[in-house]
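Heads up, the sequence shown is in numbering that gives the first Met the number 0, so the first residue is 0 and it goes up one at a time.
Glycine included, every Cβ here is placed at the ideal spot set by N, Cα and C.
Since the structure is predicted, the reported quantities are computational estimates derived from the model, not experimental observations.
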Amino acid sequence: MAACSEQDGGASAAGEAADLAGHAAEAGYLIGYRQGERVREEFGTSIDGEALAAGLADGLAGAPTRVVESQGQAALEAILAERRAAAGAAGVEFLARNAEREDVEVLPSGLQYEVLVAAEGATPNADSLVTTHYEGRLIDDTVFDSSIARGSPASFRLNQVIAGWTEALQLMSPGAKWRLFIPSELAYGERGAGQLIGPHATLVFDVE
């Protein structure tokens with residue numbers, strides 16, 4: 000089955016050829032574009048772009064489905080399972096390589112950290128309210144959240160965040176800046192979070 004990436008030329012040409020004048024056309028294109036973004040974020044290049052367009056057209060036309068519902072659903076679940084497994088394996092491989100770096104400390108939980116700016120002083124406990132600046136990334140360097148970009152630090156209690164943060168920040172003193180490498184089981188695990196953090200995603204945070 001051809002992947003979306005292999006259909007880019009045809010899909011782009013179709014988009015250029017379409018008449019997008021008028022409210023109905025503009026709104027229709029935007030709906031289709033947003034659906035395409037959502038599919039790409041969830042399934043990557045595992046979906047056949049031409050089949051996706053055909054399904055959308057049939058649905059809009061009220062035509063009968065050309066795929067048995069149960070078979071299509073099974074195919075979706077198989078693709079998602081493959082992507083979850085791949086994400087988990089990529090995270091394990093990343094952490095194994097990262098653990099070999101001299102500046103990286105590995106805790107018994109599997110949490111890894113690198114001290115970027117050292118500091119001394121009292122450390123918080125799990126019930127403490129802390130204020131931090133941070134940037135969160137996936138292992139491919141995609142930024143999914145950043146208080147730095149927002150220009151406003153975040154305050155929260157350490158028992159109300161992901162386990163990797165709860166553990167790491169109890170080791171940090173005010174003024175410190177660390178880079179955290181958090182295994183998925185200490186982050187969002189198999190459920191993921193939002194559109195960017197998929198299941199079994201290993202996360203990287205710069206925290207100060």
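- By the Cβ neighbour-count rule, proline 182 is buried, with 16 or more other Cβ atoms within 10 Å of its own.
- Nearest to leucine 128 by alpha-carbon distance, out of Arg136, Ile147, Leu115, Leu157, is Leu157.
- Threonine 122 and alanine 167 have their C-alpha atoms roughly 10 Å apart.
- Listed in chain order, the non-local C-beta contacts of valine 203 below 6 Å within the same chain comprise Arg136, Phe180, local neighbours out to five positions each way being set aside.
- Taking the Cβ atoms as the reference, alanine 117 lies roughly 6 Å from alanine 175, within the contact range of under 8 Å.
- Per DSSP, leucine 29 lies in no beta strand (DSSP E); the unbroken alpha helix (DSSP H) holding it starts and ends at 22 to 42.
- If you look at threonine 131, you'll find it in the beta strand (DSSP E) that goes 128 to 131.
- In this structure, alanine 148 lies away from threonine 131, with their beta-carbon atoms at least 8 Å apart.
- The alpha-carbon separation between aspartate 144 and proline 198 amounts to approximately 17 Å.
- Non-local beta-carbon contacts of tryptophan 164 in its own chain, meaning distances under 6 Å to residues more than five positions away in sequence, are absent.
- Where glutamate 207 is concerned, there is no enclosing alpha helix (DSSP H), because DSSP gives it neither an H nor an E.
- Taking C-beta atoms as the reference points, aspartate 205 and tyrosine 133 count as a pair closer than 8 Å.
- By the CB criterion at 8 Å, glutamine 169 and alanine 125 fall inside the cutoff.
- For tyrosine 28, the CB contacts under 6 Å within the same chain, skipping 5 residues up- and downstream, are Leu19 in chain order.
- Per DSSP, arginine 65 lies in no beta strand (DSSP E) and is assigned neither H nor E.
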